[in-house]
Structure formats: C-alpha cells, structure tokens
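Note sheet for the following structure.
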Ligand code: NAP
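In my numbering, the protein residues as written are 1 to 457.
Here it is in structure tokens:
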C-alpha cells in the first residue's frame, strides 16, 4: 500500500506542476486550476490510507467537509475587487497549517537527526510569520484595520523580536528532544508577534506585494515540513508555491520599480511626494457623444483598463462598446500593464470574464511601440500605469516604473469619476496634456453612455 500511496502523491505533485504551468496563460488557466485541485483531492484522499493514520477519521472528514463548504461558498460569493484579501486569508491558512504541522512534529517526533529538527523549526517560524502576517494583510485590505501603526525604533524592536524567536528556535534544536514545553510555546508566540509587527507598519496599498511574499514563505514552510514528514507531494507543492510566490513578488516589485526592501520598510502608497506634484496645464473635459464620434471614425483605438474599471465592474460594457467599434471597422486593442489593478492578472481576469478574446489583449512590451500610431487611447479607471512622470520626473515616487506610453497617442480620453489620485497618491501629468480630454463619471455609466452614443451614430 505504501508504494501505491507514494505513486499517488507523485501523480498529485505532477498535477500541481502541470496545473501551475497552465495557469501561466489565461486561455488554459481555468483548466490549470481544476487540474491542480484534482491533484490536491487525490493527495487528500490517499492520505486516509496512510499506515501512520489509524484513528481520527471522523475528525479529519468533518474538518475537510467544513473547510470545503466554507471555501466553496466564499469562493462563489467573493467580488473580484475583494480577491486580494481572499488570497491573503487562504494564504494565511496555508502558513497556519504548515505551522500547526510543525508544532505537532516538534511535540511528538523523536528527533535523531539535527537537520530534520532544524528544518521543522525553520518551517515553524516561516509558517507562523506567514500566518499572522497574512491575517493582518487581510484585515487591512478588508478595511477592518485602518492606516499604518508606526512608533520610534520600530525596525529595531522588530529585529529584537525576530532575534528572540530565532534564539528560542535554536534552543529547541540544541536541546534535541529535551526542551521545556514553555520554550516551544514562547517560540510560537514570538513568531506570531513578529508576523504581526512586520506587517502593521506597511500601508494597505502595498499589501498585494506583501501577500505574494507571504505566499512564497508559506510554500517554503510547507516544503520544509514535507521534508520532515518524508512526504514528496508536500515537498513538491511547497517548492512550487515557494518559487511561484518568489517570482510573482519579484515581478510585482520590478513592475513597480521598487525593491522588496522598499515595500517592507518604507511608506509608499500612503501619500505622494510634494515635489512630484507640480504639473502645468489644465484638465480639459469632453462629453461621451464627442468621444463616441472620435472613436467611431478612428482607425485604431487602444483601451487601457485599470483599477477603476474593476471598481466600476465596467468590463462587460467596455466589451460591448469594443464590438460596436469593430463592426465599424475600427481596430481595437487592449493594453495591460503588469500591475494594473490590485493584483497580477487582475485586468486579464476581468476581460476574460467579459468574453474579450485574448488575441486583442496586449502586454506592455508588445503594445508600447504602437501608441504613436494610435488615434484614440481610452484610459478607463487607470492612473499610475499611464503617468508619464514615471519617465520624466526623477523626483516622482514612481520614477523608473515602466508605464504604458498612452501620452504618445494622437488623442487620449481618460475616464474617471473625479480628481482622485491613483494608488501612489500622486498627480498624473497625462491628465493635463494637450492631447488629453477627461470624461468624468463612473466607469460603467460612461461605458454605457458610449455604447448608447455609438448606436445613435
Ligand atoms: P490606480 O493608479 O489605482 O488608479 C485608479 C483610478 O481609477 C483612480 O485614479 C480613480 O480615480 C479611478 N476610479 C476609481 N473608481 C472608479 C470608478 N468607479 N469609475 C471610474 N474610475 C474610477 O490604478 P492603476 O492605473 O490600475 O494602477 C495600479 C496601481 O496599483 C499601481 O500604482 C500599482 O503599482 C499598484 N499595485 C498593483 C498591484 C498589482 O499586482 N496589480 C500590486 C500592488 C500595487 P477617481 O477616484 O477620480 O475615479
């Protein structure tokens, strides 16, 4: 039976890897999630037959059923804009599960090998920090916890808590199986506290990057605990999650042109930098009828969606408008910035949900050269990702961030509700440019007006 179990774990692990690979493209992503989920189901079911599991079947089944029901209902109900906090919560659960396994292992296992115990302790620290940190990230994104908590010498206090956690972990490793239970409890309490303290000074707006980092940590913790338990499915799943999380964190940091240390230890997203806000020119308004005419008689229109489109849930109307333009012979393309919205792939998911075909959706690198030959760029609910200050103003906090060069187009229409700034809290130079017109209103209402105006032409 043991061999069969190992083979099934291996198949489960293969399914995780194949599933993750499929998630790399929006065309196969849905299938990838199903495959990975099937791998998880296989691994869970076969564990019932594990020779070391001889009791607690009812508890296991009740826990799995409860978790499954809660996850199913919340997954069905969650709004797209609330997805980052949902991921934070699930990620926290993963870290918590790794930490719980570590606690049981440290309490019950007779360690004969220092390396195994060291990995158990490392998995415990990392999983616990990811657990409490992710819960704080969830609370911030959900609006349960407002603002940042900062106090003097904070980084030093955090460093002290971290050193105490590591010292307690070291004490456990050095004492083999003979440490006091109090040491283990204190070790977990300090690790929990460190996760909280590390996250409270970070602004809510930076949370997606932090969540991705905790995701990588959760993977690492699961991988370590998988090694300790000699479970290949856990090891592979952990390593896959750990490396995917690390790459995603790097990608987000790179697309925002900010090192991770800057996300963790600075104050971006909590307000702009005064110097960078000086802009010249004025914002010029336009109405939806004129915009409809402009687009209807254009050869090429590029649509740049951003966070505001997600808030307005305007994607369906935008797609309806696109189809009308296409029927008139206008070439319409969508341009997606890697960090448009509040999580990677945010815009791709929304557009896919509305039915926009993938072959008219372009990444930053693919589309940036096309702006000078574009007649109309329609920026809908995007702000920072089209701010030319990133290219031109070294004093700007977003300086160096790659942006979509919308300002190079012949005409730019910006749809937004009012004078609200974007995520970085700074003024956008594009809105004041000579070739830019502002179309004020909620994204969905404006897209609806454009659809109506186009019909009347
Ligand atoms: P953004 O800079 O946050 O700007 C969104 C704009 O949408 C705002 O200016 C807002 O202006 C407008 N808006 C809000 N609700 C609207 C509605 N109902 N209808 C119409 N407009 C609405 O968005 P972005 O250009 O997508 O940039 C994303 C930002 O998030 C970047 O700075 C990026 O670094 C950051 N970020 C992204 C990720 C990621 O993974 N995607 C992760 C971390 C951080 P009004 O209030 O005036 O309407």
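Beta carbons: idealized from backbone N, C-alpha and C, even for Gly.
Query	Result
Minimum C-alpha distance to residue 395 - residue among 378, 426 and 385	426
Three-pair Cβ contact test at 8 Å for the stretch 244-251 versus the stretch 227-236	no
Whether residue 377 touches residue 315 by CB criterion (9 Å)	no
The ligand NAP heavy atom lying under 8 Å from the CB of residue 340	yes
Within 9 Å, strictly: CB atoms of residue 302 and residue 333	yes
Euclidean distance between Cα positions of residue 176 and residue 188	17 Å
Exposed unless 16 or more other CB atoms sit within 10 angstroms - verdict on residue 284	exposed
Helix, strand or coil at residue 225 [DSSP, three-state]	helix
Backbone CA spacing between residue 10 and residue 160 [nearest angstrom]	41 Å
Residue closest to residue 96, alpha-carbon to alpha-carbon, out of 62, 61 and 132	132
For residue 305, the three-state DSSP class (helix, strand or coil)	strand
Residue 246 - containing alpha helix (DSSP H), residue span	232-255
DSSP state of residue 33 mapped onto helix, strand, coil	helix
Residue from 392, 37 and 208 with nearest C-alpha to residue 253	208
Alpha carbon of residue 373 to alpha carbon of residue 298, nearest angstrom	11 Å
Buried or exposed by the 16-neighbour rule on C-beta atoms within 10 Å, applied to residue 307	buried
Residues that residue 331 bridges to, as DSSP identifies them	300
Cβ neighbour criterion (16 or more within 10 Å) applied to residue 50	exposed
Residue 108 classed as buried or exposed, judged by whether at least 16 other C-beta atoms fall within 10 angstroms	exposed
Per-residue burial, residue 449 [other beta carbons within 10 Å of its own, 16 or more giving buried]	buried
Nearest-angstrom Cα separation, counted from residue 190 out to residue 162	8 Å
Inter-stretch contact at 8 Å, needing at least 3 Cβ pairs: the stretch 218-228 / the stretch 150-159	no
Backbone secondary structure at residue 421 - three-state DSSP	coil
Through-space distance from residue 226 to residue 18, alpha-carbon basis	20 Å
Residues near residue 360 in its chain [Cβ-Cβ closer than 7 Å; skip 5 each side]	332, 333 and 334
Pair within 9 Å by beta-carbon distance, residue 304 and residue 229	no
Length of the line joining the Cα atoms of residue 128 and residue 111	21 Å
DSSP state of residue 437 mapped onto helix, strand, coil	strand
Separation of residue 279 from residue 273, as counted between CA atoms	Residue placement at residue 273 is flagged as unreliable, the pLDDT there being 45, under the threshold of 50; the coordinate-derived value follows with that caveat. About 13 Å.
Any non-hydrogen atom of the ligand NAP closer than 8 Å to residue 436 Cβ	no
Any non-hydrogen atom of the ligand NAP within 8 Å of residue 392 CB	no
Where residue 413 sits in the DSSP three-state scheme	strand
Three-way DSSP call (helix, strand, coil) for residue 149 in this model	coil
Near the ligand NAP: residue 138 beta-carbon under 8 Å from a heavy atom	no
Pick from 88, 255, 391 and 415 that is closest to residue 408, judged by C-alpha positions	391
Three CB pairs or more closer than 8 Å across the stretch 212-219 and the stretch 82-96	yes
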